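See structure below.
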Amino acid sequence: MKKIHKGAEADLYLENNKLIKERVKKAYRHPEIDVFLRKTRTKREAKIMRKLLSLGIPVPKVIKEDLKNFRIEMEYISGITLKEYLWNKKSSTDEKEKIIKSFYTLGFYIAEMHNSDVIHGDLTTSNILLRDSKLDELYIIDFGLSFVSRRVEDKATDLLVFKKSMMAAHPKIFNEIWESFLKGYSSKSKNFNEINSRIFEIEKRGRYL
598 MKKIHKGAEA
608 DLYLENNKLI
618 KERVKKAYRH
628 PEIDVFLRKT
638 RTKREAKIMR
648 KLLSLGIPVP
658 KVIKEDLKNF
668 RIEMEYISGI
678 TLKEYLWNKK
688 SSTDEKEKII
698 KSFYTLGFYI
708 AEMHNSDVIH
718 GDLTTSNILL
728 RDSKLDELYI
738 IDFGLSFVSR
748 RVEDKATDLL
758 VFKKSMMAAH
768 PKIFNEIWES
778 FLKGYSSKSK
788 NFNEINSRIF
798 EIEKRGRYL
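Offset between the sequence shown (1-based) and our numbering: plus 597.
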């Protein structure tokens, strides 16, 4: 196996055109607790990814999970992140329209994800992958912090994390891509008005902390 990325929670390996995600041991945790957490989180992540794929949401296909070694073996998608794409592309009118359209599509898929009560936990343009660098072939990746919740607060927080990450990473086009994202999200969301109102409430609370 060839290590291609070292993360805080997991390392990524490439083998036979498959991606292997292995949760790493944390020395500061009690050994039994560490094993329990890595095993349950690996199982949860694989289960969530399978659920989303069954709903037609573009995520890497899980091939198998190895709970003994805290690994998930999944489809390897060759490409770049949406963040890299936005940073490297020239802003021609035609290109800008394609980018804005891609955020509408992304909003649609995130709404479908929330409709199924899955919270991503770390929505950023770094966790959106474009197969072969194509805007019309986007995949949502890295469900290491994902969980299941029906709470409006959790769904609103998921969106707020994404909003803040875009404001920081893509300030020049933020207003346009966020507006497009929300249009896509609202077109599919079961309770958009409630979630959107909660975003404003959370932002308001943050200003007064």
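Even for Gly, the Cβ is constructed at its ideal location relative to N, Cα and C. These figures come from a predicted structure and were not determined experimentally.
Take the alpha-carbon of R747 and the one of L652: they are about 17 Å apart. Per DSSP, the continuous beta strand (DSSP E) segment holding V659 begins and ends at V659 to D663. Inside the stretch 622-695, DSSP marks whole beta strand (DSSP E) runs of 3 or more residues at positions 659-663, 668-672 and 676-678, from first to last along the chain. The DSSP-derived three-state label of H767 is coil. In the assembly as shown, G781 is a buried residue. Its beta-carbon has 16 or more other beta-carbons within 10 Å. Collapsing the DSSP output to three states places I799 in a helix. By the Cβ test, the stretch 676-684 is not in contact with the stretch 746-761, since fewer than three Cβ pairs between them sit closer than 8 Å. In the three-state reduction of the DSSP assignment, E750 falls in the helix class.
In the three-state reduction of the DSSP assignment, F705 falls in the helix class, which pools H, G and I. Of the candidates T722, G718, N712 and R620, the residue whose Cα lies closest to the Cα of L634 is R620.
Where H602 is concerned, the enclosing beta strand (DSSP E) starts and stops at K599 to K603. Taken atom to atom, the span from the alpha-carbon of K693 to that of F797 is near 28 Å. Per DSSP, L720 lies in no beta strand (DSSP E) segment and is marked neither H nor E. Taking a C-beta distance under 8 Å as the contact criterion, A624 and G741 do not qualify as a contact pair. In the three-state scheme derived from DSSP, where H, G and I count as helix and E and B as strand, K698 is classed as helix.
F744 carries a strand assignment under DSSP once its states are collapsed to helix, strand and coil. One thing to note: A753 has its Cβ within 8 Å of the Cβ of I799.
About 5 Å separates the Cβ atoms of A643 and V659, confirming a contact at the 8 Å cut-off.
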